[in-house]
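Engineer:
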Amino acid sequence: MRSYDLLCRKMSEDLDAVIVSVDYRLAPDAVFPDQYHDALAASRAFLSAEVLQRYSIDPERVCVSGDSAGGNLAAAVAQKFGSDGSLEVKFKVQALIYPVLQALDFYTPSYQQNQAVPILYRPYMARFWLQYLGADAALEPLLLANNHSSLDQPAIGSVTRSRLNWTALLPAERRKHFQPVVKEKGSPSVVSTVPGLTDVRAAPLLAEQGVLGKTPKAYVMTCEFDVLRDDGLMYARRLQDAGVEVTSDHYEDGFHGCMVFANLPMMSSVGRRSMDGYIRWLDQNL
Numbered sequence: 001m002r003s004y005d006l007l008c009r010k011m012s013e014d015l016d017a018v019i020v021s022v023d024y025r026l027a028p029d030a031v032f033p034d035q036y037h038d039a040l041a042a043s044r045a046f047l048s049a050e051v052l053q054r055y056s057i058d059p060e061r062v063c064v065s066g067d068s069a070g071g072n073l074a075a076a077v078a079q080k081f082g083s084d085g086s087l088e089v090k091f092k093v094q095a096l097i098y099p100v101l102q103a104l105d106f107y108t109p110s111y112q113q114n115q116a117v118p119i120l121y122r123p124y125m126a127r128f129w130l131q132y133l134g135a136d137a138a139l140e141p142l143l144l145a146n147n148h149s150s151l152d153q154p155a156i157g158s159v160t161r162s163r164l165n166w167t168a169l170l171p172a173e174r175r176k177h178f179q180p181v182v183k184e185k186g187s188p189s190v191v192s193t194v195p196g197l198t199d200v201r202a203a204p205l206l207a208e209q210g211v212l213g214k215t216p217k218a219y220v221m222t223c224e225f226d227v228l229r230d231d232g233l234m235y236a237r238r239l240q241d242a243g244v245e246v247t248s249d250h251y252e253d254g255f256h257g258c259m260v261f262a263n264l265p266m267m268s269s270v271g272r273r274s275m276d277g278y279i280r281w282l283d284q285n286l
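Okay, so the sequence shown: first residue is 1 according to UniProt numbering, each after it adds one.
(1) Can you find the residues in the same chain that come closer than 6 Å, C-beta to C-beta, to Ala262, ignoring five residues on each side of it along the sequence?
(2) Does Ala218 come out as helix, strand or coil in the three-state DSSP assignment?
(3) Under three-state DSSP, which class holds Gly134?
(4) Smallest Cα separation from Thr215: which of Ser65, Leu143 and Pro28?
(5) Taking contact to mean at least 3 C-beta pairs separated by less than 8 Å, is the region 71–85 in contact with the region 93–101?
(6) Give every residue of the same chain whose Cβ lies closer than 6 Å to the Cβ of Val117, excluding the five residues on either side of it in the sequence, and list them in chain order.
(7) Among Val194, Ile57 and Leu139, which one has its Cα closest to the Cα of Leu286?
(8) Report buried or exposed for Tyr124, applying the criterion of at least 16 other Cβ atoms within 10 angstroms of its Cβ.
(9) Using CA coordinates, which residue listed in Pro59, Gly186, Asn165 and Gly232 is at the minimum distance from Gln153?
(10) Going by DSSP in three states, Leu96 sits in which element: helix, strand or coil?
(11) Return the first residue and the last residue of the alpha helix (DSSP H) that Phe81 is part of.
(12) DSSP on His37, reduced to helix/strand/coil?
(13) Kindly indicate which residue of Gly257, Tyr251 and Leu169 has the alpha-carbon position closest to the one of Gly277.
(14) DSSP on Ser3, reduced to helix/strand/coil?
(15) Apart from the five residues just before and just after Asp230, which ones in its own chain have a Cβ nearer than 7 Å to its Cβ?
(16) What residue from Val194, Asn147, Arg163 and Thr160 has the CA that sits closest to Lys183's CA?
(17) Please classify Gly66: does DSSP put it in a helix, a strand, or coil?
(18) Got a sec? Which residues, its chain only, sit under 8 Å from Ile119 by beta carbon, not counting five neighbours each side?
(19) Rounded to the nearest angstrom, what separates Phe106 and Ala145 at their Cα positions?
(20) With a threshold of 16 other CB atoms inside 10 Å of the CB of Asp136, please say whether the residue is buried or exposed.
(21) Is it true that the region 230–244 meets the region 207–214, where meeting means three or more beta-carbon pairs spaced less than 8 Å apart?
(22) Going by Cα to Cα distance, which pick from Val159, Leu47 and Ala103 is closest to Leu139?
(23) Starting from the C-beta of Tyr132, find all residues in its chain whose C-beta is less than 6 Å away, skip the five residues before and the five after it, and write them out in chain order.
(24) For Phe106, which of helix, strand or coil comes out of DSSP?
(25) Grab the span of the alpha helix (DSSP H) containing Glu140 for me, first residue to last.
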């Protein structure tokens, strides 16, 4: 959490807002759905009448946000809260910063284009997913080959596949010359062994349109040099198709984690611009 201290302080000052950074449990010591439950519990506590009153929080101006894995949790919590009719207070907006949203396709154009681009290499993501889902690390080669999402996987139907069909969801300038990698036959037992791969709480991109349509106005930041770029772009498109107002903020010179590099001693131009753009959007939409 220390690496986010300066960002949280700046957000609090610039937005005149109460900022809560959630210290959820981490893999491999804790595995899915522990992190999801931590984020859910923290959000419920924050939106309670007692906490809102104690910190003088306007219940009409609350946001859920996160970057990378935190963006995954923020998206999942936004989906859960959007569909929960029992809540008296809900999020006004969601802000997702280069979020990780699916683990069925490791051959999206951004995974292919940026597979060897620091700081988030393609093999790292397969490894991180397996750790997060409490799965055997030996499955990594299967994920990297898309064997786990082959057409002979009984647990992955055409509807699920359509929700991450980048040939339809991405604009031509992002698809470029890349081609889908879909195996006819693979390892049909992987998804049954690791059910989290198709669980929308772990992979929010796979949620049905009705769920997406109940989530709040969204800001989705993506970076060109990031394997997760297309996760965010596809999610922004699916949210728009579901009727959600979306701001898609893409940085052509951005890389995964760039917003952390917004301050000295490791300040970068794109880090500062992305942070300023993020805070500006929050200021205008909260």
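Glycine included, C-beta positions come from ideal geometry on N, C-alpha and C.
The model shown is predicted, which means the values in this text are computed figures rather than measured ones.
Structural biologist: Quick look at the numbers:
(1) As a first step, residue 262 must be located in the sequence shown, where it is residue number 262. Once the five neighbours on either side are set aside, the close Cβ partners of Ala262 are Gly271, Arg272 and Met275.
(2) By one-based count along the sequence shown, residue 218 stands at place 218. Correct three-state label for Ala218: strand.
(3) For the purposes of this step, residue 134 is taken as residue 134 along the sequence shown, with counting starting at 1. Coil.
(4) As a first step, residue 215 is located in the sequence shown; it is residue number 215 there, counting from the start. Nearest C-alpha to Thr215: Ser65.
(5) yes
(6) As a working note, residue 117 is residue 117 in the sequence shown. The residues are Phe225.
(7) Here residue 286 is taken as the residue at index 286 of the sequence shown, counted from 1. Minimum Cα distance to Leu286 is reached at Ile57.
(8) Looking up residue 124 in the sequence shown gives position 124. Looking at its Cβ environment, which holds fewer than 16 other Cβ atoms inside 10 Å, Tyr124 is exposed.
(9) On the sequence shown, position 153 is the one that residue 153 refers to. When each option's Cα is compared against that of Gln153, the closest is Gly186.
(10) By 1-based counting over the sequence shown, the position of residue 96 is 96. If DSSP states are grouped into helix, strand and coil, Leu96 belongs with the strands.
(11) The count along the sequence shown starts at 1 and reaches residue 81 at position 81. Ala69 to Gly82 is the extent of the alpha helix (DSSP H) around Phe81.
(12) The count along the sequence shown starts at 1 and reaches residue 37 at position 37. Of the three classes helix, strand and coil, the one that applies to His37 here is helix, per DSSP.
(13) To locate residue 277, count along the sequence shown from 1; it is residue 277. Of Gly257, Tyr251 and Leu169, the residue nearest in Cα terms is Tyr251.
(14) Counting from one through the sequence shown, the residue named residue 3 turns up at place 3. In this structure, Ser3 counts as helix in the three-state DSSP scheme.
(15) As a first step, residue 230 is located in the sequence shown; it is residue number 230 there, counting from the start. Contacts found: Thr108, Pro109, Ser110, Trp166, Leu170 and Arg174.
(16) Here residue 183 refers to the residue found at position 183 when the sequence shown is read from its first residue. Considering only alpha carbons, the answer is Asn147.
(17) Here residue 66 refers to the residue found at position 66 when the sequence shown is read from its first residue. Of the three classes helix, strand and coil, the one that applies to Gly66 here is strand, per DSSP.
(18) On the sequence shown, residue 119 is found 119 positions in, with the first residue counted as 1. For Ile119, where only same-chain residues beyond five positions count, the Cβ hits under 8 Å are Phe255, His256 and Gly257.
(19) Residue numbering aside, residue 106 sits at position 106 when the sequence shown is read from its first letter. Residue numbering aside, residue 145 sits at position 145 when the sequence shown is read from its first letter. If you take the alpha carbons of Phe106 and Ala145, they lie about 8 Å apart.
(20) As a working mapping, residue 136 is identified with position 136 in the sequence shown. By the 10 Å Cβ count, Asp136 comes out exposed.
(21) yes
(22) The residue given as residue 139 occupies position 139 in the sequence shown. It is Ala103.
(23) Start at 1 with the first residue of the sequence shown, and residue 132 comes out as number 132. Result list for Tyr132: Ala27 and Phe32, in chain order.
(24) As a position in the sequence shown, residue 106 is number 106, starting the count at 1. Of the three classes helix, strand and coil, the one that applies to Phe106 here is coil, per DSSP.
(25) Working through the sequence shown from its first residue, we reach residue 140 at position 140. Taken as a continuous stretch (DSSP letters only), the alpha helix (DSSP H) holding Glu140 covers Glu140 to Leu144.
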